[in-house]
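As structure tokens, the structure follows; a few thoughts come after it.
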């Protein structure tokens, strides 16, 4: 059985995070089109889509063994950890735990020596 490389698993997790954020941005944009929370929805949509696309780009970079992809991947996971903690404290425990698990796993994989060797770092 072929075991996936840590770099590919990290890229998958980070790409998934990016896709979720793009989806959240699209949902906010649709909410703005319906007239709900326009003042919040438009800036939130832009922020979520931009950040999500950045994560998708970082995932693509990891898959292509680009050294630059490691830094945004690490920063994104470090930002996701307090978000996950905040979600668990605000009554959204399942979502918060999911964010914490994915961010912690992705961070550990991206910072692993195996990924560092593959990226030439």
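In my numbering, the protein residues as written are 14 to 134.
Every residue gets a Cβ at the ideal spot worked out from N, C-alpha and C, and that includes glycine.
Please read these numbers as outputs of a predicted model, since none were measured by experiment.
Of all C-beta pairs linking the segment 96 to 108 to the segment 79 to 88, fewer than three are shorter than 8 Å, placing the two stretches out of contact. For residue 18, the secondary structure class from DSSP, reduced to helix, strand or coil, is coil.
A Cβ-Cβ distance of about 5 Å is found for the pair residue 64 and residue 34, placing them in contact under the 8 Å criterion. Looking at 30, 25, 129, 74, the one whose alpha-carbon comes closest to that of residue 92 is 30.
Residue range 51 to 76 is occupied by the alpha helix (DSSP H) that includes residue 52. Annotation: the continuous alpha helix (DSSP H) that includes residue 130 extends over 126 to 131. Of the other Cβ atoms in all chains shown, fewer than 16 fall within 10 Å of the Cβ of residue 127; this residue is therefore exposed. Taking C-beta separations shorter than 6 Å and ignoring five residues to either side along the sequence, the partners of residue 76 in its chain run 24, following chain order. Under the three-state reduction of DSSP output, residue 48 falls in the coil class, being neither helix nor strand. Counting C-beta atoms within 10 angstroms of its own C-beta, residue 102 has fewer than 16 neighbours from the protein chains shown and is therefore classed as exposed.
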